[in-house]
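Undergrad:
Residue numbers (the numbering used here), protein chains in the order written: chain A, 1348 to 1499; chain B, 52 to 328.
Given below as structure tokens:
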């Protein structure tokens, strides 16, 4: 009975900690966006629709991050982490196109070739994606090992 | 002996270390990338381009040289590489008249560099394309492209188009009606008013030779006038001819035409045929 009570107490503590962690992380990421967005707005304003797409990106990213934190220590955490890494890569690929940023302001036309930056960012996202896959495999492996250890 | 579940999960497997290392490496590279981008963006703020007063000079080969001094002050963190400035002049139909390019291999960080971009416009070839450039004001299309390799990694290019007003050096050139006066028993003087405005960016100095023909294309007289007309000023004067006095000539000289030949330094052009009478 006491063990049962202790277990449920621990579970409440664990869930509360996860919620708190997810909330804090979400607030931190949003604060970062909130502080950086006005600084980068003049630059992003040159690209039509980029500011709106950044907002959608931040929203989806935060949601996936919260879900990942709430499902910590389960396999779903890795699903959400993988989804987040894939979403990040997809966003980079879709928003940057061929990596050449062109914009026109009045009579001036500005072209910046962001391909090197873009390539490094995509490679780093791929590394992140590989890491989440490895984490998922590792988790499943640990779980299987633990189960086999429990068997008589 | 088998380990309990809690111990297994706490210790993890051999994969934990590489995963952690991968995470740390990825984070470090992300931080480096973000720092690089932030410094590059910050460097743009410390980069200044100052265009000086454009100057026009005349080369002896009938060329007009347009010089644009440009000062690049690179106080950013990165060197600028492969900086180029390209200019193309074209007429209203888009036919290329002149093209020039200035290239600077490196502008090191913390240094200021002044370059002079020279565009040579051949007046002779301009006149070959049409005499309207000599007698009528026009607009030339100018296409300017500047590019550089920013932070040694990010190539950027900016381009713009604008029109450049071309002022005709002999704008509204006109010869008035000839007025006759008697010089002596064999010759008469013919005075012809001549006027034009120099709308060009340069002074014109040279001479204008005019031949006076009667209605049957006989040369009655010839006159040469030395002129000097500063830029943006008008010229008004009289050209005088000495023509022989005889009955045939005076009847034929009631109408005819002038052949005008210009030799005004940058430009040699003629004949311009102007009828009279």
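All residues carry an ideal CB built from backbone N, CA and C; glycine is no exception.
If we ignore side chains and look at the alpha-carbon of each, how far apart do residue 315(B) and residue 291(B) end up?
TA: Roughly 19 Å separates the two Cα atoms.
Undergrad: Which residues share a DSSP beta bridge with residue 265(B)?
TA: Bridge partners of residue 265(B): 307(B).
Undergrad: Report the three-state DSSP secondary structure of residue 228(B) (helix, strand or coil).
TA: Looking at residue 228(B) - three-state DSSP - the assignment turns out to be coil, as it is neither helix nor strand.
Undergrad: Output the boundary residues of the alpha helix (DSSP H) element that contains residue 319(B).
TA: From DSSP, residue 319(B) is part of no alpha helix (DSSP H) but of the beta strand (DSSP E) over 319-327.
Undergrad: Just checking, does the segment 253-269 of chain B make contact with the segment 230-240 of chain B on the three C-beta pairs under 8 Å criterion?
TA: Output reads no: the segment 230-240 of chain B does not touch the segment 253-269 of chain B.
Undergrad: Output the distance between the C-alpha atoms of residue 113(B) and residue 149(B), rounded to the nearest integer angstrom.
TA: Roughly 14 Å between the two C-alpha positions.
Undergrad: With distance defined between alpha-carbon atoms, name the residue in 241(B), 253(B) and 217(B) nearest to residue 274(B).
TA: Minimum Cα distance to residue 274(B) is reached at 241(B).
Undergrad: Under 7 Å Cβ-Cβ, which residues of chain A neighbour residue 210(B)?
TA: Within 7 Å Cβ-Cβ: 1456.
Undergrad: Would you check if the segment 184-191 of chain B and the segment 155-165 of chain B touch, i.e. whether three or more CB-CB distances between them fall below 8 Å?
TA: The segment 155-165 of chain B vs the segment 184-191 of chain B: no contact.
Undergrad: How is the beta strand (DSSP E) around residue 295(B) delimited, first residue to last?
TA: 284-295 is the span of the beta strand (DSSP E), which, as asked, contains residue 295(B).
Undergrad: So residue 66(B) contacts chain A; which residues on that side make the cut at Cβ distance below 9 Å?
TA: Neighbours of residue 66(B) on chain A, chain order: 1481, 1482, 1484, 1485, 1488 and 1489.
Undergrad: Of all Cβ atoms in chain A, is any one closer than 9 Å to the Cβ of residue 216(B)?
TA: No, no contact with chain A.
Undergrad: Does DSSP put residue 151(B) in a helix, in a strand, or in coil?
TA: In the structure shown, residue 151(B) sits in a strand (DSSP, three-state: E or B).
Undergrad: If I'm right that residue 205(B) touches residue 1461(A) with Cβ under 8 Å, what's the distance once you round it to whole angstroms?
TA: Right, the Cβ-Cβ distance comes to about 6 Å (below 8 Å), so this counts as a contact.
Undergrad: Beta-carbon of residue 1437(A) versus every beta-carbon of chain B: anything under 9 Å?
TA: No, because no Cβ of chain B sits closer than 9 Å to the Cβ of residue 1437(A).
Undergrad: Considering just the uninterrupted stretch of the alpha helix (DSSP H) at residue 72(B), what are its terminal residues?
TA: 67-96 is the extent of the alpha helix (DSSP H) around residue 72(B).
Undergrad: From residue 145(B) to residue 200(B), what distance separates their C-alpha atoms?
TA: Using only the alpha carbons, I get a separation of about 29 Å.
Undergrad: By the three-class DSSP mapping on this structure, what secondary structure does residue 216(B) have?
TA: It is a strand residue.
Undergrad: Throw me the rounded Cβ distance for the residue 1370(A) and residue 1432(A) pair, which I believe falls under 8 Å.
TA: Actually they are not in contact, since the Cβ atoms of residue 1370(A) and residue 1432(A) sit about 22 Å apart, beyond 8 Å.
Undergrad: Less than 9 Å between the C-beta atoms of residue 245(B) and residue 224(B), yes or no?
TA: Their beta carbons are under 9 Å apart, which means residue 245(B) touches residue 224(B) by this criterion.
Undergrad: Pairs of beta-carbons, one from the segment 1418-1425 of chain A and one from the segment 1442-1454 of chain A, closer than 8 Å: are there three or more?
TA: With a cut-off of 8 Å, the segment 1442-1454 of chain A and the segment 1418-1425 of chain A do not count as touching, because too few Cβ pairs lie within range.
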